[in-house]
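So the protein sequences, as listed, match chains D and C. Residue numbers for the first sequence follow the UniProt record's numbering, so the first one is 1 and each next one is one higher. Residue numbers for the second sequence follow the UniProt record's numbering, so the first one is 1 and each next one is one higher. Here a beta-carbon is modelled for each residue, glycine too, at the ideal position from N, C-alpha and C. Note that the structure is a prediction, hence the values are computed from the model and not measured. Working notes for the structure below.
There are 2 protein chains.
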Amino acid sequence: MEFKEAKNKFVQTWGALGSQWGINKTMAQIHALLMVSSEAVSMEDIMEELQISRGNASMNIRALMDWGIVYKEYKVGERREFFTAEKDLDELAVKISKERSKREIKPALKVLKEVSSINANATSEEKHFVDQTKKLYDFVLKADNVLDKITEYKDNWLAQILVKFMK
Amino acid sequence: MEFKEAKNKFVQTWGALGSQWGINKTMAQIHALLMVSSEAVSMEDIMEELQISRGNASMNIRALMDWGIVYKEYKVGERREFFTAEKDLDELAVKISKERSKREIKPALKVLKEVSSINANATSEEKHFVDQTKKLYDFVLKADNVLDKITEYKDNWLAQILVKFMK
DNA sequence: ATAAACTTTCATTTATTTTTGAAAGTTTAA
DNA sequence: TTAAACTTTCAAAAATAAATGAAAGTTTAT
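Here it is in structure tokens:
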């Protein structure tokens, strides 16, 4: 397989993955393209490489910047804007996770808290509902913090040594 | 808020969450409904509660069973089938994570390995591509195993005590 | 064997999401 | 200030995904 083919395959695959994870295909493809480009890329080039319209490119680049995983760059003597992606993968994971937490998990937690606080006066049906949604609340809350925990743990060399030692 | 309203709100919220995470809305709603039902529920009742067609119900229940998070149940003297959801949340998380890994992560890893193995003969552009996709491969591979690691860690009381102690 | 009770399938319809592209907006150089 | 070079917006179109429902399939009781 030669370079161009490999690059294309990577972009397509990353795009498909993105669309299964709630990020739209083009957005993920642009991100993929930028991640493997050593140089910053212009909008024109993105349109050309992905065969997409100006509007589509513009909107999805904007979205990526809102997520904080793509940056604008200026070149001297160039009027156009260029774009680069966050290439540090730990940083990328943290940003994506924070953003999804904010947009999706936090609102869901709010609802879970609400519905688990109803007055379960009588039936076992209602008791079960309250019980189960409370458990869900705790679980989602914990899961939501998992990435922070992992980051902490990664920086904690003593914990790492101890856990390795025990295995 | 009274029970019926709370239940409905929960089902809607869980459904929306599902659709942001690559699971379709109805599938997530059925799962939500079953999770908070103390009794097994018939297809007829699912159709009624969610206001969906027979075909839709059938196909999504089937999908949930394929994921291993919904089970069929039979009642004596009843010809109809009833359904229940996996209610243990750790178990649920493990099953979902395994299934998504199998369906999405593993194929992506395969491609990442492929494209990072091209002969980067010359340009710095090609070198950067190979370098970045290799990093991605390692990263995704590690991330893919995170849940297993957490499960291990949860069962390891000594690790837990030690890490708590250090904080 | 038959028919009632139930479930599954899948071509078609409906709903949702994404993309387009032309017009409006912005910035910069002269 | 003007106009060229560029970016953003958004209504409409296209593409994609999900839902319907009637027909086909299956199971069970008699």
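{"Asked": "Under the three-state reduction of DSSP, which class applies to D/Thr84: helix, strand or coil?", "Found": "strand"}
{"Asked": "Per DSSP, what are the beta-bridge partners of D/Lys72 in this structure?", "Found": "D/Phe83"}
{"Asked": "Do D/Val115 and C/Phe3 have their C-beta atoms within less than 7 Å of each other?", "Found": "no"}
{"Asked": "Roughly how many angstroms separate the alpha carbons of C/Asp66 and D/Val94, rounded to a whole number?", "Found": "32 Å"}
{"Asked": "Could you tell me which chain C residues have their CB closer than 7 Å to the CB of D/Met35, listed as they occur along the chain?", "Found": "Gln132"}
{"Asked": "Under DSSP, the alpha helix (DSSP H) around D/Lys102 begins and ends at which residues?", "Found": "Neither: D/Lys102 is in no alpha helix (DSSP H) and is coded neither H nor E."}
{"Asked": "From the beta carbon of D/Gln20, is the nearest beta carbon of chain C less than 7 Å away?", "Found": "yes"}
{"Asked": "Within a Cβ cutoff of 7 Å, which residues of the same chain sit near D/Ile118, ignoring the five residues on either side of it in sequence?", "Found": "Val130"}
{"Asked": "For the putative contact between D/Val36 and C/Thr133, defined by C-beta atoms under 8 Å, what is the C-beta separation to the nearest angstrom?", "Found": "7 Å"}
{"Asked": "Going by C-alpha distance, which of D/Glu49, D/Leu50, D/Glu91 and D/Ile30 is nearest D/Arg62?", "Found": "D/Ile30"}
{"Asked": "Would you kindly report the start and end of the unbroken alpha helix (DSSP H) that includes C/Ala16?", "Found": "Phe3 to Gln20"}
{"Asked": "Against C/Thr13, what residues of chain D qualify as contacts under a CB-to-CB distance less than 7 Å, listed in chain order?", "Found": "Ala108 and Val111"}
{"Asked": "If we count the other Cβ atoms within 10 Å of its Cβ and call it buried at 16 or more, is C/Tyr137 buried or exposed?", "Found": "buried"}
{"Asked": "For C/Ala28 and C/Thr84, which I take to be in contact (beta-carbon distance under 8 Å), what is that distance rounded to the nearest angstrom?", "Found": "Contact doesn't hold; Cβ gap of about 16 Å is too wide."}
{"Asked": "Mind listing the chain D neighbours of C/Ser97? Cutoff is C-beta to C-beta under 8 Å, in chain order.", "Found": "What C/Ser97 touches in chain D: nothing, since even the nearest Cβ is about 11 Å away."}
{"Asked": "Any idea if C/Lys7 is buried or exposed, counting beta-carbon neighbours within 10 angstroms, 16 or more meaning buried?", "Found": "buried"}
{"Asked": "Who are the Cβ neighbours of D/Glu86 in its own chain at under 6 Å, not counting the five residues just before and after it?", "Found": "Ile69 and Leu92"}
{"Asked": "Could you check whether the Cβ of D/Glu125 sits closer than 7 Å to any Cβ belonging to chain C?", "Found": "yes"}
{"Asked": "Quick check on DSSP: helix, strand or coil for C/Ser116?", "Found": "helix"}
{"Asked": "Going by DSSP, which residues form a beta bridge with residue 180 of chain D?", "Found": "Here chain D has residues from 1 to 167 only, and residue 180 of chain D is not among them."}
{"Asked": "Using three-state DSSP, classify D/Glu78 as helix, strand or coil.", "Found": "coil"}
{"Asked": "Give the interface partners of D/Ser101 over in chain C, defined as CB-CB distance under 9 Å, in chain order.", "Found": "Simply none; closest approach about 12 Å."}
{"Asked": "Look at the alpha carbon of D/Ala32 and the alpha carbon of C/Gly15, and state the distance between them as a whole number of angstroms.", "Found": "29 Å"}
{"Asked": "Distance cutoff 7 Å, beta carbons only. Does C/Phe129 sit that close to anything in chain D?", "Found": "yes"}
{"Asked": "Measure from the C-beta of C/Phe83 to each C-beta in chain D and report whether the shortest distance is under 7 Å.", "Found": "no"}
{"Asked": "Using a C-beta cutoff of 7 Å, does C/Lys75 count as contacting chain D?", "Found": "no"}
{"Asked": "Does the beta carbon of D/Ser42 sit closer than 7 Å to a beta carbon anywhere in chain C?", "Found": "no"}
{"Asked": "Are there three or more Cβ pairs, one per stretch, closer than 8 Å when the stretch 98-114 of chain C is compared with the stretch 140-157 of chain C?", "Found": "yes"}
{"Asked": "What residues of chain D sit near C/Ser38, judged by a beta carbon separation below 7 Å?", "Found": "Ser124, Glu125 and His128"}
{"Asked": "Considering only residues of the same chain and omitting the five flanking positions on each side of C/Glu99, which have a CB-CB separation below 6 Å?", "Found": "Trp67"}
{"Asked": "So with Cβ pairs under 7 Å, would you call D/Glu104 a contact of chain C?", "Found": "yes"}
{"Asked": "Under three-state DSSP, which class holds D/Ala143?", "Found": "helix"}
{"Asked": "Considering just the uninterrupted stretch of the alpha helix (DSSP H) at C/Val163, what are its terminal residues?", "Found": "Trp157 to Met166"}
{"Asked": "Where do the ends of the alpha helix (DSSP H) carrying C/Ile30 lie?", "Found": "Lys25 to Met35"}
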